[in-house]
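So the structure is just underneath, and the comments pick up after that.
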Amino acid sequence: MTIRQALTDWAAQCDADGVRRGMPPAAYTSSEMLAQEHQKVFKRSWIVVGHISQFQMPGDYVTAEIVDHPVLVVRGRDQALRAFSNVCPHRSAIIAQGSGTCTMFRCPYHAWTYDLSGKLMGAPHMDKAALRDIRLKELRLEIWQGFVFVNLDDDATPLADDLADLEGRAAPHGMADLKVVRTEDIEIACNWKILVENFCESYHV
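Here my numbering is used: the first residue of the sequence shown is 0, the next is one more, and so on.
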């Protein structure tokens with residue numbers, strides 16, 4: 000049975016008697032389903048990659064990964080906050096690691112160097128005229144209540160449209176004034192939906 004058929008059968012059951020049920024097991028175990036979610040959910044959604052407090056000075060940067068796409072967010076010399084694909088357009092090497100402060104980004108493979116606006120500054124032994132228009136791919140970035148969101152989809156609707164209903168509820172909490180003290184990566188051996196559902200579960204003993 001394909002994941003499409005499993006979800007179709009599940010939807011038909013829900014529609015039959017109006018009873019809300021959990022999703023079928025395949026929704027949590029199917030590699031096909033996960034691949035579809037990568038393409039249709041994560042690569043088309045606004046994903047939090049940091050907080051505005053992490054970008055106080057020009058050159059402050061943070062790296063992240065959205066599914067399998069490396070992302071780089073940096074404060075420019077013009078104070079603008081920008082997001083880029085964290086991949087050198089030359090040979091696809093990862094440009095920056097972790098987080099910190101820098102004056103430029105240098106690819107570790109062939110030492111191609113980019114300024115804080117993503118423009119190529121130098122490429123050893125290459126024709127400068129041929130490279131003048133090369134730059135890091137810029138990604139869509141928006142800030143909401145102090146949190147920095149990135150979207151890989153150039154055609155995505157504005158973040159404010161997605162979160163309009165939460166604006167009034169979130170505003171009194173002053174989230175834009177928060178400070179990042181530390182970050183921690185935790186790997187959990189489960190499907191992402193299980194983690195989300197458990198977080199939303201209020202029935203704890």
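We put the beta carbon where it would ideally sit given N, CA and C, even for glycine.
On a predicted model such as this, the values are computed, not experimentally measured, just so you know.
Membership of G167 in the alpha helix (DSSP H) is indicated by the continuous run E166 to A169. Leaving aside the five residues that flank W45 on each side, the residues in its chain whose CB is nearer than 6 angstroms to its CB run, in chain order, F148, N150 and L158.
By the Cβ neighbour-count rule, M32 is buried, with 16 or more other Cβ atoms within 10 Å of its own. Under the three-state reduction of DSSP, E196 is assigned to helix. For the pair A95 and A34, the Cα-to-Cα distance works out to about 27 angstroms. Among the bridge pairs identified by DSSP, I94 is matched with none.
Apart from the 5 residues on each side of it in sequence, A169 sits with its Cβ closer than 7 angstroms to the Cβ of Q144 in its chain, given in chain order.
Inclusion of V72 and G49 in the CB contact set at 8 angstroms is warranted, their separation being smaller than that value.
Between the beta-carbon of A82 and that of L138 there is about 4 angstroms, and that keeps the pair under the 8 angstroms contact cut. Cβ neighbours of C101 within its own chain (closer than 6 angstroms, five residues either side excluded): G58.
Looking from the CA of F104, the closest CA among R74, V40, Q38 and I193 belongs to R74. In this structure, DSSP gives H172 a helical state, which the three-state scheme calls helix. DSSP places H68 in the uninterrupted beta strand (DSSP E) bounded by H68 to R74.
Across the structure, R43 and I133 are spaced so that their CA atoms are roughly 25 angstroms apart.
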